[in-house]
Structures are given as structure tokens and as C-alpha cells.
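**Student:** Residue numbers (my numbering): 13 to 225. Note that the Cβ used here is the ideal one computed from N, Cα and C, for glycine as well.
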Amino acid sequence: MYSYRLLLLSILGISSCLGQTWSLGGAAGFGFYHDATITNGSGSVQAGFGPRLSLSAVLGQNMGDYFGGEMRYTFRDGDAELKSGGQEVNMDAEAHAVHYDVLFYATPRNRKLRPYAAAGGGIKYYKATGAEYLAQPLSNFAFLTHANEVEGLLSAGGGLKYSINEHWLVRVDFRYYATPFPDKLFMPAPGAKINGWLHDFVPLAGIDWTFGK
13 MYSYRLLLLS ILGISSCLGQ TWSLGGAAGF GFYHDATITN GSGSVQAGFG
63 PRLSLSAVLG QNMGDYFGGE MRYTFRDGDA ELKSGGQEVN MDAEAHAVHY
113 DVLFYATPRN RKLRPYAAAG GGIKYYKATG AEYLAQPLSN FAFLTHANEV
163 EGLLSAGGGL KYSINEHWLV RVDFRYYATP FPDKLFMPAP GAKINGWLHD
213 FVPLAGIDWT FGK
């Protein structure tokens, strides 16, 4: 623990010397997924998570006029779901994403309005919190299980930051997350096959406090 604190203090100290500014913020939004497909010899089902609340916290830094970086945590609520035609089955679930993005600004740091694009990577932790079914519909395709799983995460997006004053700014963000499909939560039935990754689209609005030089 001491070594991690020392590393963080060192990074902050070096960044201060280089004239970088830092920001700490929070945001909220409503995200939605593009499902994967599970197929067997008789047909297919859509497998993924339902649209639901999203909460996010971010620590960022400016590195010159047109570049920056952000470490972001995002909580995603949403039931695990299987859907086919008129049939649907779900289980309470949630996800937690942690990632680092490099930001590319369209305007220099002294401008009030700063559009930007972002790209990076990290991990996403999927967790099913509901009870398993004794007799589950669509079980010939997959079983919803009370399990958890960590997957690698690709992150992309963009947004706008608007400075209210020297220390406060408001922002809107759009984040796209892609991970391999969490097949421990959706256990394929014998003979069934999962096709595709899980794609998550998360619009957010929030506020940041800036500090440093």
C-alpha cells in the first residue's frame, strides 16, 4: 500500500512541475447495449443486458494544449437478458468498467469550449446478482447463472467540455465500450454458440473541478 501511495505522489509531483492541470469529476447517464447472438440448430436468441442507469467518476489531466488523459470508473446497471420472438428471460446484474483514455482536443486549453475525441482501454467486471431459475425459458440456448467475470475493455468516444470559471467545468460525454461476451453469466447450452462481442453505448452529463497550474 505504501508503494502505491508513493507512486501516486510522485506522479502528481512530476505533473505539477510540468505545469499540468488536473480535474476530478462525476457524471450520470443512461446506457444501452447492442446484444450478441446465441445460436443452435433450431434458431437464435439475442443475449445481453437491458438499458439502465449509468454513473461515472473521472480523474483527468491536461498534457499540453491539445492532449490529455483520464482514468474513468463507470457503473452500469442492467439485467442480463435472453430474448427471442415474444419470449424473454432476465436476471438482475450490473457491470463496473475501469479504463484509461487519451484525449485529443480540437481547441487549446485556454478556450472555454473544448470538443474532444477519446480512445483507450481497461477492464470490465460483469456480475449477476439475481437468483438462478429452477426451470428457465430459452434454456436450449443458454442458462443465466449467478456468476461474475472480468473481460478486457476497448473504449472510444468523445464529448464537449465548457469552463464555467477557473475551477469548474460542465461536460457531456459519449462513451462506447466493447468487450468479449461474458459467457460465464450466459452459459451456452450444449450445441449452442455465442456470436459477437458485447457493445455498450453510454451518454453522460457531468461536472468537473480543476486544480493545479
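State buried or exposed for residue 194, treating a residue as buried only when at least 16 other CB atoms are found within 10 Å of its CB.
**Tutor:** Within the sequence shown, numbered from 1, the residue matching residue 194 stands at position 182. Looking at its Cβ environment, which holds 16 or more other Cβ atoms inside 10 Å, residue 194 is buried.
**Student:** Suppose you measure from the CA of residue 52 to the CA of residue 94; what does that come to, to the nearest Å?
**Tutor:** For this step, residue 52 is matched to residue 40 along the sequence shown. For this step, residue 94 is matched to residue 82 along the sequence shown. Residue 52 and residue 94: Cα-Cα distance of roughly 14 Å.
**Student:** Please give the ranges of any alpha helix (DSSP H) in the region 133-202, keeping only runs that are unbroken, at least 4 residues long and fully inside the region.
**Tutor:** Those alpha helix (DSSP H) runs which fall completely within the region 133-202 and span 4+ residues do not exist here.
**Student:** Between 142, 216, 107, 104, which has its C-alpha nearest residue 171's C-alpha?
**Tutor:** Translated into the one-based positions of the sequence shown, residue 171 becomes position 159. When only C-alpha atoms are compared, the closest one is 216.
**Student:** Does the Cβ of residue 103 have 16 or more other Cβ atoms within 10 Å, making it buried, or fewer, making it exposed?
**Tutor:** Residue mapping note: residue 103 aligns to position 91 of the sequence shown, counting from 1. It counts as buried.
**Student:** According to DSSP, is residue 86 part of a helix, a strand, or is it coil?
**Tutor:** Within the sequence shown, the letter at position 74 stands for residue 86. Looking at residue 86 - three-state DSSP - the assignment turns out to be strand.
**Student:** Rounded to the nearest angstrom, what separates residue 127 and residue 119 at their Cα positions?
**Tutor:** Looking up residue 127 in the sequence shown gives position 115. Looking up residue 119 in the sequence shown gives position 107. If you take the alpha carbons of residue 127 and residue 119, they lie about 7 Å apart.
**Student:** Is it right to say residue 13 is buried, meaning 16 or more other beta carbons lie within 10 angstroms of its own, or is it exposed?
**Tutor:** Along the sequence shown, one-based indexing puts residue 13 at 1. Residue placement at residue 13 is poorly supported in this model, since its pLDDT is 49, which falls under 50; the coordinates still yield a value, given next. So residue 13 ends up on the exposed side.
**Student:** What would DSSP say about residue 54, mapped onto helix, strand or coil?
**Tutor:** In the sequence shown, counting from the first residue as 1, residue 54 sits at position 42. Residue 54: coil per DSSP, three-state reduction.
**Student:** Is it buried or exposed, residue 214, if we count other Cβ atoms within 10 angstroms and call 16 or more buried?
**Tutor:** On the sequence shown, position 202 is the one that residue 214 refers to. Per the 10 Å Cβ criterion, buried.
**Student:** Suppose contacts are defined by Cβ-Cβ distances below 7 Å. Is residue 153 in contact with residue 219 by that definition?
**Tutor:** As a first step, residue 153 is located in the sequence shown; it is residue number 141 there, counting from the start. As a first step, residue 219 is located in the sequence shown; it is residue number 207 there, counting from the start. No. Outside cutoff.
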